[in-house]
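Asks: In my numbering, the protein residues as written are 776 to 1258. The structure that follows is given in the form of structure tokens.
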Ligand code: ARG
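Rendered as structure tokens:
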């Protein structure tokens, strides 16, 4: 590298100052190419175009209400915003090199269309309150959409649970067979976790429902603006109370990215189980062809790629969260350009979770189960050990003693001294009645306590699961714009 190369930056092309930036008044030179290349956010913040336009329309209507725009100016700007919206929707909007972000692009175009009136759009507004407003509107729509999709996944799990009837499989601790559980119980276990995810998203939606518009760059305005009016116009529950907080608060993004990471972790756990269940070793589930992949070399292969990616992509969801929290840490009041780094992790997490939920929902809804293999794995005699101990407890034996008695029979069985059923039958403390507990399919029916893995408890659980779904759907109806 010669010296000239090192000083490449000094030879950057500079754009002319006028007509390139919103702040050119104070500058004699225009921005360098490298500055634009490094600071631009347009490639990813374009997706907020409709939210930016919604925020601008509310701002313009407010400016007219308080007398900062006359009716003609208001109508000219609103018509231009409308025209920009149509260009954006049809894909005909022409971006130019100096469009730094979606906000500058839209304001530039509004001014081109509306002429002099367009110059009043940014009255008593900064991109700092503008971007925070647009991002909150984006979150309200998109997080609501994720929640709706999660409810669909919970419904798919319930449908499969109902279809599974009284099929059972081994329940595991430490991935060692522990006690038989109903397949329906197992499937709904994941559904309850998703229910907490929905409720977390609902909480986040309620907390982020605050309009920052009117906070200006950081301190509000000397002009008679009406933040409460714009908040109401945009459908926010309330307006900000502190302008510094309004423009610098990204808690809502961090919270959303956490909620999405938590969803990703739940999906990853489901993914891991399905990787196991579809393996030759387990053979518990078969994937529909539409939700499995083949191998380019091994003709016999049918691979669970959706489940694997649900597991694999949870890593980046966690990365998005830790990256964002690191960005926010240590930022002084109020807006700092660092905050532009809030968007990519948020957008990526929403996109990835949306794709994952759709693919996993389809995979689960179309899969079939080999209930024979599941039952065979769960019918191992030793799976009844706890039921045998509880049989003794019902007769008054202290549990610790019962545990030791049954443990000794399991040990004898493992040492080849007879089947567990025979050993139990021959023990007068246990006998023929207890030996019945070792028979296939008996154990799972014993788990009748509330929330337990047997049929009676499961039937009650289906009712509470349905109530959870109805509650979620009712809540989302009030929070999510049905359009
Ligand atoms: N693209 C910027 C962001 O996402 C918009 C705000 C820019 N504000 C500023 N003062 N430069 O944060």
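Positions of the beta carbon are idealized from the N, C-alpha and C atoms, including for glycine.
In terms of residue numbering, what span does the beta strand (DSSP E) encompassing residue 1002 cover?
Replies: The residue labelled residue 1002 in the question sits at position 227 within the chain shown. Premise fails: residue 1002 lies in the alpha helix (DSSP H), 1002-1008, not in any beta strand (DSSP E).
Asks: Please report the distance separating the alpha-carbon of residue 1159 from that of residue 1051.
Replies: Numbered from its first residue, the chain shown carries residue 1159 at position 384. Numbered from its first residue, the chain shown carries residue 1051 at position 276. Answer to the nearest angstrom: the Cα atoms are 24 Å apart.
Asks: Using a 10 Å radius around the Cβ and a threshold of 16 neighbouring Cβ atoms, would you call residue 937 buried or exposed?
Replies: In the chain shown, the residue the question calls residue 937 occupies position 162. Its Cβ having fewer than 16 others within 10 Å, residue 937 is exposed.
Asks: Under the rule that 16 or more other beta-carbon atoms within 10 Å means buried, what is residue 788, buried or exposed?
Replies: By one-based count along the chain shown, residue 788 stands at place 13. So residue 788 ends up on the exposed side.
Asks: Please identify the residue among 1244, 901, 802, 1045 whose C-alpha is closest to the C-alpha of residue 1083.
Replies: As a position in the chain shown, residue 1083 is number 308, starting the count at 1. When each option's Cα is compared against that of residue 1083, the closest is 1045.
Asks: Could you tell me how far apart the beta carbons of residue 1120 and residue 1098 are, in whole angstroms, since I believe they sit closer than 8 Å?
Replies: By one-based count along the chain shown, residue 1120 stands at place 345. By one-based count along the chain shown, residue 1098 stands at place 323. Contact flag correct, Cβ pair sits at about 6 Å.
Asks: In chain order, what residues of the same chain lie with their CB nearer than 8 Å to the CB of residue 1253, ignoring the 5 residues before and after it?
Replies: The count along the chain shown starts at 1 and reaches residue 1253 at position 478. Answer for residue 1253: no residue qualifies.
Asks: Any contact between the region 977-991 and the region 1175-1191? By contact I mean 3 or more CB pairs, one from each, below 8 Å.
Replies: no
Asks: What residues are listed by DSSP as bridge partners for residue 945?
Replies: In the chain shown, residue 945 corresponds to position 170, counting from 1. The partner list for residue 945 (beta bridge, DSSP) reads 955.
Asks: Just to confirm, does residue 897 get its C-beta within under 7 Å of one of the non-hydrogen atoms of the ligand ARG?
Replies: Locating residue 897 in the chain shown gives position 122, counting from the first residue. Every heavy atom of the ligand ARG is 7 Å or more from the Cβ of residue 897, so no.
Asks: Do residue 954 and the ligand ARG come close, with the Cβ less than 7 Å from some heavy atom?
Replies: Taking the first residue of the chain shown as 1, we reach residue 954 at position 179. Incorrect: residue 954 has no Cβ contact closer than 7 Å to the ligand ARG.
Asks: Within the present structure, is the beta-carbon of residue 819 separated from the nearest heavy atom of the ligand ARG by less than 7 Å?
Replies: Position 44 of the chain shown, counting from 1, holds the residue named residue 819. Not under cutoff, so the answer is no.
Asks: Using 8 Å for Cβ pairs, my map puts residue 998 next to residue 899. What's the rounded Cβ distance?
Replies: Residue 998 sits at position 223 when you count from the first residue of the chain shown. Residue 899 sits at position 124 when you count from the first residue of the chain shown. Right, the Cβ-Cβ distance comes to about 5 Å (below 8 Å), so this counts as a contact.
Asks: Looking at the secondary structure, which residues open and close the alpha helix (DSSP H) in which residue 1316 lies?
Replies: Because the chain in this structure spans residues 776 to 1258, residue 1316 falls outside the shown range and cannot be described.
Asks: Nearest-angstrom Cα distance between residue 1192 and residue 1124?
Replies: As a working note, residue 1192 is residue 417 in the chain shown. As a working note, residue 1124 is residue 349 in the chain shown. Roughly 57 Å separates the two Cα atoms.
Asks: Does DSSP put residue 1054 in a helix, in a strand, or in coil?
Replies: As a position in the chain shown, residue 1054 is number 279, starting the count at 1. When DSSP states are grouped into helix, strand and coil, residue 1054 belongs to the coil group.
Asks: Any chance the CB of residue 1130 is under 7 Å from a heavy atom of the ligand ARG?
Replies: Against the chain shown, residue 1130 aligns to sequence position 355. It does not: the Cβ of residue 1130 is nowhere closer than 7 Å to a heavy atom of the ligand ARG.
Asks: Helix, strand or coil, according to DSSP, for residue 1164 in the structure here?
Replies: Counting from 1 along the chain shown, the entry for residue 1164 is found at position 389. Of the three classes helix, strand and coil, the one that applies to residue 1164 here is helix, per DSSP.
Asks: Which whole-angstrom value is the C-beta distance of residue 877 and residue 920, which I expect to be below 8 Å?
Replies: As a working mapping, residue 877 is identified with position 102 in the chain shown. As a working mapping, residue 920 is identified with position 145 in the chain shown. About 20 Å separates the two Cβ atoms, so there is no contact after all.
Asks: Closer than 7 Å: is that where the CB of residue 916 sits relative to any heavy atom of the ligand ARG?
Replies: As a working note, residue 916 is residue 141 in the chain shown. Because no heavy atom of the ligand ARG lies under 7 Å away, the Cβ of residue 916 does not count as near it: no.
Asks: Output needed for residue 1205: all residues of its chain with C-beta closer than 6 Å, excluding positions within five of it in sequence on either side, in chain order.
Replies: If you number the chain shown from 1, residue 1205 lands on position 430. If we look at residue 1205 and ignore the five residues flanking it on each side, its Cβ neighbours are 1199.
Asks: What is the rounded straight-line gap between the Cα of residue 1113 and the Cα of residue 1034?
Replies: Here residue 1113 refers to the residue found at position 338 of the chain shown. Here residue 1034 refers to the residue found at position 259 of the chain shown. Those two C-alpha atoms are separated by around 22 Å.
Asks: Across which residues does DSSP place residue 1013 in a beta bridge pair?
Replies: Taking the chain shown and counting its residues from 1, one reaches residue 1013 at position 238. Looking at the DSSP assignment, residue 1013 forms a beta bridge with 985.
Asks: Give me the residue from 914, 843, 1061 with the minimum Cα distance to residue 1025.
Replies: Residue 1025 sits at position 250 when you count from the first residue of the chain shown. It is 914.
Asks: Can you check whether the CB of residue 1089 is closer than 8 Å to the CB of residue 1171?
Replies: The sequence position of residue 1171 within the chain shown is 396, counting from 1. The sequence position of residue 1089 within the chain shown is 314, counting from 1. No; because the gap between Cβ atoms is not below 8 Å, this pair is not in contact.
Asks: If the criterion is Cβ atoms closer than 8 Å, does the pair residue 716 and residue 1140 meet it?
Replies: This structure cannot speak to residue 716, because the chain is shown only from 776 to 1258.
Asks: Indicate whether the contact test is met: 3 or more Cβ pairs, each with one atom in the region 1126-1146 and one in the region 1061-1069, closer than 8 Å.
Replies: yes
Asks: Below 8 Å on the Cβ atoms is my contact criterion, and I expect residue 1177 with residue 1164 to pass it. Report the Cβ-Cβ distance as a whole number of Å.
Replies: As a working mapping, residue 1177 is identified with position 402 in the chain shown. As a working mapping, residue 1164 is identified with position 389 in the chain shown. Contact between residue 1177 and residue 1164 holds, since their C-beta atoms are separated by about 4 Å, short of 8 Å.
Asks: Is residue 1268 near the ligand ARG - that is, is its Cβ less than 7 Å away from at least one heavy atom of it?
Replies: Residue numbering for the chain in the displayed model covers 776 to 1258; residue 1268 lies beyond these limits and cannot be assessed.
Asks: Using a threshold of 7 Å, is the CB atom of residue 1016 nearer than that to any non-hydrogen atom of the ligand ARG?
Replies: Residue 1016 sits at position 241 when you count from the first residue of the chain shown. Flag unset: Cβ of residue 1016 not near the ligand ARG.
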